[in-house]
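Peer 1: I'd like to ask some things about the structure below.
Numbering (my numbering), first residue to last: 41 to 1019.
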């Protein structure tokens, strides 16, 4: 490890609070020290005692403690700090005092027994902690707790190495113990080449197809069968810490088959066993996800085809309708005028009339313009994979889905046995009413319709969690995601729960009732007086006027003047400078060893390649001194989501302390929004189509931005996914020091479930609802809205239902708060549940209550509307910068693996944060240079990029980088009129 890391453990602190914490003498200490003769002896003895406590080592001969520490201790003793100089030269006295203090206070020297003792303690630590610096910190803390004096750093490094080796050995033995010879041979065979192929079996398993297609489902199932044939028990993964297993499985997915073959047998078999277990799980999830996407795409194509047919039907029907309406008009006129109807009928063009009736009957049938009929026409696609798919997985469920599970078992049996006809009696209760006319034709069950209906219902129930799959990580039983009931009961008994809400239901509802009463009264009074700010509410309805711009006219002039003074800089030089300020590149440690990258510039090159969407191949071509092999190795072993998150935290924590950033906000509010990116090349195969963003496949980067412009969280979501489930993830799981209290989204980020969950974690939710006039207030039972709000009021909150599920809601929220499960995973499942699900309905009712309070606040509080508008504007401005940076490859995502898409999103967000930090630091100088007042400066965003060179050759000129404490000079403003 670097000397800087050890300095933090071995040196005395310089922070005043830390000095007071560790170097304050107790009354017993003062009594013992007071027995010494002479100021120098008392001060020296005290410093020996305190230093052995913290940092936990003995003072060396001639060593002088830091001046602030020495002054603080001397002041307690009433002596001069200078007295220590005399003690520092008396080594014999120091040695005698060390022995005395060890005996009287129980301190131990670091001998062989201590080495073995600490090494044994460090083994489980080494299994779970990769970073050597973090591991060293844990061991040093344990030595202090056991009062074992710290040895030299080289000895502690030896402890770390031995603990790491023994931890790895233990992990390998646990994973391989008891494996049958056939299994071990099967693991070794994974490294052999497939018959007639250049790739190994392991490479074949790793590179599974991604594009949703029937043939690819079969290919995934083939791979899954190969892994299952190894006979690996999933329970082995539970025998070691989860993080250790994940790390070993991750290694197996990255190490080349050639290098795996060169490992010793124990490590090779353990790594391949972990990889095999993980592959079985990931292939299971990949197959189920592809099934979901394939059926979804079939439904979309059926809808599009049905829409096209409907338009064609209208055109075809027009001529026949004219014939029919003309004939009917003749009959109507005959009856009206008392003319013989039969004579008029005889006068009709009967053949033309009959054809019109016949065509109208055909075009009017439901199957002609119904997407279900069109979907059934695609049964041939389903037949390609339905049998192997249903016979590969074990579907489980409870209650209402038993009929569906029985139907799936019947269909699987038909494919397994080759039978063509369904049994005479099959389950039908699961068939929705819209499907019944197609499933039951003249009392006979149509097999194609029955299969499509069952598979469609399976897709919905998998999404909701009503049906789960053995061996899946993503499609598990809903309850298995939550904290176990016994653990939750223990937490509740100890109390309080880690939630920001009042956990007593009656007190919580009473507080909400009071807030709602107050809001109703104030809105009503202000509305009658015509004093609702920019809102008109009367008997004719609700009108909310748009907010007026609050930016001072002089802002644009000041912005241009400031940015004109910013130094022109290459993006590579900017990253080097920001790294010198924050050391964010230190976060990208090796996945296995925990060590930092040897070549810092090459690491930054990899990060830049992610951030500007250039890719490693093209980056290696444009960056001097970097080979594709070197960049690929760094990307495989140093780039991870955790590293990106930690690095982003460093940048944002550095930025939020700047004086200029404080002008933009206090760091307690934030907004989030999705930004669409089209998918091209191989990435198009796994992208989804969102009709609101065009007809091209793509994904969305969903990003959270603070009121100080800090993009503190970003993730990839499907283009078709609702944004609401992901709002809480960024607030709960970011790795920065921000403390968010109020959050804004647009309509897409709002749902009653999100409204209901926000108070559990202490957040105020303030979305900009596009259709707020159409939304309804839901009051508590017994509350009255009054005549003005009566038209906006719907049915009251089902309070009894919420009360019945209150404890379930608390367990649900506690599971999210403690990280047992993510908010997005649970909200996606709840939103997919059928209407009768108790927990989903209870959370919806709670959300309706919170939304009603918010809507009334929105009407009476114009500052809330302004804050929301300003927060969303900051997010949109950040998106403009992100779009400018992500310019390579036409701004399209061409990665077919979701992991790589995630790295692109994280790299882009890190690059945005670095530019914001750099701009802020130089804007402070520029704004001071032109004497910009704070009321103008707060409107100038750090999101400009005109002064940054984003293209060209990406070289790293470390020699030209300013010192961390220095800045580049501002540019002189040039003029066309200058000589």
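For every residue, glycine included, the Cβ atom is placed at its ideal position computed from N, Cα and C.
The beta strand (DSSP E) that contains residue 924, what's its start and end?
Peer 2: Looking at the DSSP string, residue 924 is not in any beta strand (DSSP E); the run it does join, the alpha helix (DSSP H), is 902-925.
Peer 1: Just to confirm before moving on: does the CB-CB distance between residue 976 and residue 800 stay below 8 Å?
Peer 2: No, Cβ-Cβ distance for residue 976 and residue 800 is not below 8 Å.
Peer 1: If you measure between the beta carbons of residue 752 and residue 687, is that distance less than 8 Å?
Peer 2: The answer is no: Cβ separation not under 8 Å.
Peer 1: If you measure between the beta carbons of residue 447 and residue 478, is that distance less than 8 Å?
Peer 2: No. Outside cutoff.
Peer 1: Less than 8 Å between the C-beta atoms of residue 81 and residue 127, yes or no?
Peer 2: Yes, the pair counts as a contact, with Cβ atoms nearer than the cut-off.
Peer 1: Could you pull the DSSP bridge partners for residue 435 from this structure?
Peer 2: 509.
Peer 1: Could you tell me the distance, in whole angstroms, from the CA atom of residue 75 to the CA atom of residue 148?
Peer 2: Cα to Cα, residue 75 sits roughly 23 Å from residue 148.
Peer 1: Looking at residue 493: is its Cβ nearer than 8 Å to the Cβ of residue 508?
Peer 2: Against a cut-off of 8 Å, the Cβ pair of residue 508 and residue 493 comes out as no contact.
Peer 1: Can you pull the DSSP bridge partners for residue 989?
Peer 2: Bridge partners of residue 989: 610.
Peer 1: Pick from 611, 325, 929 and 931: whose alpha carbon is nearest that of residue 513?
Peer 2: Per the Cα distances, 325.
Peer 1: Which residue's Cα is closest to the Cα of residue 986: 609, 144 and 690?
Peer 2: The shortest Cα separation from residue 986 among 609, 144 and 690 belongs to 609.
Peer 1: Compute the Euclidean distance between the alpha carbons of residue 771 and residue 543, then round it to the nearest angstrom.
Peer 2: Their backbone Cα atoms lie some 21 Å apart in a straight line.
Peer 1: Might you give, ordered along the chain, the residues of its own chain that have their beta carbon closer than 8 Å to the beta carbon of residue 709, omitting 5 neighbours on each side?
Peer 2: Excluding positions up to five away in sequence, the list reads 746, 747, 780, 781, 782, 783, 784, 907 and 911.
Peer 1: With 16 as the cutoff for other CB atoms within 10 Å, does residue 205 come out buried or exposed?
Peer 2: Looking at its Cβ environment, which holds fewer than 16 other Cβ atoms inside 10 Å, residue 205 is exposed.
Peer 1: In terms of residue numbering, what span does the alpha helix (DSSP H) encompassing residue 180 cover?
Peer 2: It spans 172-185 - the alpha helix (DSSP H) in which residue 180 sits, taken as one unbroken run.
Peer 1: Check for me: the beta strand (DSSP E) holding residue 753 runs from which residue to which?
Peer 2: Start and end: 751-758.
Peer 1: Which residue marks the beginning of the beta strand (DSSP E) containing residue 782, and which one marks its end?
Peer 2: That run of the beta strand (DSSP E) goes 782-784.
Peer 1: I want to check one thing, is the minimum distance from the CB of residue 341 to the heavy atoms of the ligand FMN below 7 Å?
Peer 2: Among the ligands in the structure shown, none appear at all, so the ligand FMN cannot be discussed.
Peer 1: Pick from 867, 342 and 462: whose alpha carbon is nearest that of residue 418?
Peer 2: Comparing Cα-Cα distances from residue 418 to each of 867, 342 and 462, the minimum goes to 342.
Peer 1: How many whole angstroms separate the CB atoms of residue 820 and residue 852, which I take to be in contact at a CB cut-off of 8 Å?
Peer 2: Not a contact, Cβ separation roughly 22 Å.
Peer 1: Any idea if residue 276 is buried or exposed, counting beta-carbon neighbours within 10 angstroms, 16 or more meaning buried?
Peer 2: Residue 276 comes out buried.
Peer 1: Could you spell out where the alpha helix (DSSP H) holding residue 59 opens and where it closes?
Peer 2: Start and end: 56-62.
Peer 1: When we look at the beta-carbon of residue 169 and count the other beta-carbons within 10 Å, is it buried (16 or more) or exposed?
Peer 2: Label assigned to residue 169: buried.
Peer 1: Quick one: Cα of residue 883 to Cα of residue 965, how far?
Peer 2: Going from the Cα of residue 883 to the Cα of residue 965 covers about 50 Å.
Peer 1: Hey, could you find the ends of the alpha helix (DSSP H) residue 155 is sitting in?
Peer 2: 152-168 is the span of the alpha helix (DSSP H), which, as asked, contains residue 155.
Peer 1: For a quick check, are the C-beta atoms of residue 558 and residue 826 less than 8 Å apart?
Peer 2: Against a cut-off of 8 Å, the Cβ pair of residue 826 and residue 558 comes out as no contact.
Peer 1: Please confirm whether residue 488 and residue 451 have their CB atoms less than 8 Å apart.
Peer 2: No. Outside cutoff.
Peer 1: Helix, strand or coil for residue 51? Go by DSSP, reduced to three states.
Peer 2: In this structure, residue 51 counts as coil in the three-state DSSP scheme.
Peer 1: Helix, strand or coil: which one does DSSP assign to residue 476?
Peer 2: Helix, per DSSP.
Peer 1: With H, G and I counted as helix, E and B as strand and the rest as coil, what does DSSP make of residue 994?
Peer 2: Three-state result, residue 994: coil.
Peer 1: Touching or not, the stretch 251-260 and the stretch 194-203, by the rule of three or more beta carbon pairs under 8 Å?
Peer 2: Cβ pair count under 8 Å is below three, so no.
Peer 1: Verify whether the separation of the beta carbon atoms of residue 69 and residue 99 is less than 8 Å.
Peer 2: In this structure, residue 99 does not lie closer than 8 Å to residue 69 by Cβ.
Peer 1: So, helix, strand or coil for residue 804, using DSSP?
Peer 2: It is a strand residue.
Peer 1: Once you ignore the five residues that flank residue 733 on each side, which residues in its own chain have a CB closer than 7 Å to its CB?
Peer 2: With a pLDDT of only 49 at residue 733, under the threshold of 50, the placement of this residue in the model should not be trusted, and no figure is reported.
Peer 1: Could you please give me the residues that DSSP links to residue 582 through a beta bridge?
Peer 2: According to DSSP, which records beta bridges pairwise, residue 582 is partnered with 577.
Peer 1: On the three-state DSSP scale, how would you describe residue 727?
Peer 2: Summary for residue 727: the model assigns pLDDT 49, below 50, so the residue's position carries little reliability, and this model does not support an answer.
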